[in-house]
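Step one of this worksheet: look at the structure below.
Number of protein chains: 2
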Amino acid sequence: MIDLSYKSNQPIYEQIIEQMKLHVMKGHLQPGDAIPSVRKLALELGITPGTVSKAYQELERQQIIETIRGKGTFIADKIQIKPDEGKLEERKKRLQTEIMELRMMGYDKNRIVELVKEIYEEMIEC
Amino acid sequence: MIDLSYKSNQPIYEQIIEQMKLHVMKGHLQPGDAIPSVRKLALELGITPGTVSKAYQELERQQIIETIRGKGTFIADKIQIKPDEGKLEERKKRLQTEIMELRMMGYDKNRIVELVKEIYEEMIEC
DNA sequence: ATAACTGTATCATATCAAATGGTACACTTA
DNA sequence: TAAGTGTACCATTTGATATGATACAGTTAT
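Listed in order, the protein sequences are those of chains A and B. With the first letter of the first sequence counted as 1, position 111 gets the number 111 in the numbering used here; the numbers rise by one all the way through. To get the numbering used here, take the position in the second sequence, counting from 1, and add 126.
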């Protein structure tokens, strides 16, 4: 379900957050679906429950999942769409960075646009 | 010349690297141009020379700048283009993350593509 | 009730990257 | 010679990440 990379400089909890979001986006996880308990996922990944909990708490803050004490954690009924202006600016900045780096690698405008389209399509497909 | 954000989770030296690259890309800095000495820039930004040096060394490793002992640091004559397959995969992954987040915010394919084009154009203009 | 499962909270600890502050060395220019 | 370059250390601090252990509170099934 989750595939961790320990070589990555990306924190474990962030990797969990992103991959859960991808699963939701691809439809592998539907609203109402249960996701593994913090203990189960921690055991499966060989990490501490606290780290999984940290990821789940951020996902809940973003209203991607809902947690019910004693019952478990579930995909939210309605995936919220939040404009969140401040975050949008951050996203644009990061996007600019990636585009700049690709340009440094010799990618021109069209190749970058094509790459973005490719990545988008891959993300939708199951 | 460089605008630091201390609130950002992005390290200072990385911010310097990115903004220098942007200046080169926008043409504000031309091949052969001198950039501030590590001490001057450190003083201007209120940081340690070692941090600026770290940024400059990475920029030199990427052949964006050239340093000459006792003389100073300059924009490289030819900005190298390096395919660097491993890095490309990292870039694609990060791009995927940004695209996913934008989609979570309600951006559809066309809006994302338009945003990418916008950012690209902004990057070229002075 | 009881057992087994949920998520949450806390604490001390360890690790690592980032940045600081200071010092020193080697080179170039005026 | 003096002032300015980049570089190289080193000890220290800070903050984020993750661990390991324990404990609490709620739910479910028996």
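Don't be surprised by glycine CBs; every beta carbon is placed ideally from N, CA and C. It should be emphasised that the depicted structure is a prediction, and the values quoted were computed from it without experimental measurement.
Boundaries of the alpha helix (DSSP H) in which residue i is found, first to last residue
{"i": "G50 of chain A", "result": "P49 to R61"}
{"i": "I81 of chain A", "result": "Taken as a continuous stretch (DSSP letters only), I81 of chain A belongs to no alpha helix (DSSP H), as it is neither H nor E."}
{"i": "E14 of chain A", "result": "I12 to K26"}
{"i": "E122 of chain A", "result": "K109 to I124"}
{"i": "K166 of chain B", "result": "V164 to L171"}
Nearest candidate by alpha-carbon position, reference residue i, set the options
{"i": "E121 of chain A", "options": "B:E240, B:M226, B:K147 and B:Q188", "result": "B:M226"}
{"i": "E140 of chain B", "options": "B:H149, B:A168, B:Q156 and B:Y182", "result": "B:Y182"}
{"i": "K117 of chain A", "options": "B:D234, B:K152 and B:I245", "result": "B:D234"}
{"i": "G198 of chain B", "options": "B:G158, B:Q145, B:Q136 and B:I138", "result": "B:G158"}
{"i": "I119 of chain A", "options": "A:E58, A:G86 and A:K26", "result": "A:K26"}
{"i": "D203 of chain B", "options": "B:Q145, B:N135, B:A160 and B:I128", "result": "B:A160"}
{"i": "L214 of chain B", "options": "A:I47, A:R61, A:P36 and A:I112", "result": "A:I112"}
{"i": "S8 of chain A", "options": "B:V150, B:G212 and B:I250", "result": "B:G212"}
{"i": "E114 of chain A", "options": "B:I250, B:L228, B:E251 and B:L221", "result": "B:L221"}
{"i": "V150 of chain B", "options": "B:R195, B:N236, B:I128 and B:K166", "result": "B:I128"}
{"i": "E18 of chain A", "options": "A:E125, A:G70 and A:L59", "result": "A:L59"}
{"i": "M249 of chain B", "options": "A:K54, A:T48 and A:K93", "result": "A:K93"}
Residue i - DSSP class collapsed to helix/strand/coil
{"i": "I190 of chain B", "result": "coil"}
{"i": "G196 of chain B", "result": "coil"}
{"i": "I99 of chain A", "result": "helix"}
Expected contact under 8 Å - CB spacing of residue i and residue j to nearest Å
{"i": "K147 of chain B", "j": "M104 of chain A", "result": "7 Å"}
{"i": "L155 of chain B", "j": "I201 of chain B", "result": "5 Å"}
{"i": "V178 of chain B", "j": "I142 of chain B", "result": "7 Å"}
Exposed unless 16 or more other CB atoms sit within 10 angstroms - verdict on residue i
{"i": "Y132 of chain B", "result": "exposed"}
{"i": "R91 of chain A", "result": "buried"}
{"i": "T97 of chain A", "result": "buried"}
{"i": "I81 of chain A", "result": "exposed"}
{"i": "L43 of chain A", "result": "exposed"}
{"i": "I190 of chain B", "result": "buried"}
{"i": "I12 of chain A", "result": "buried"}
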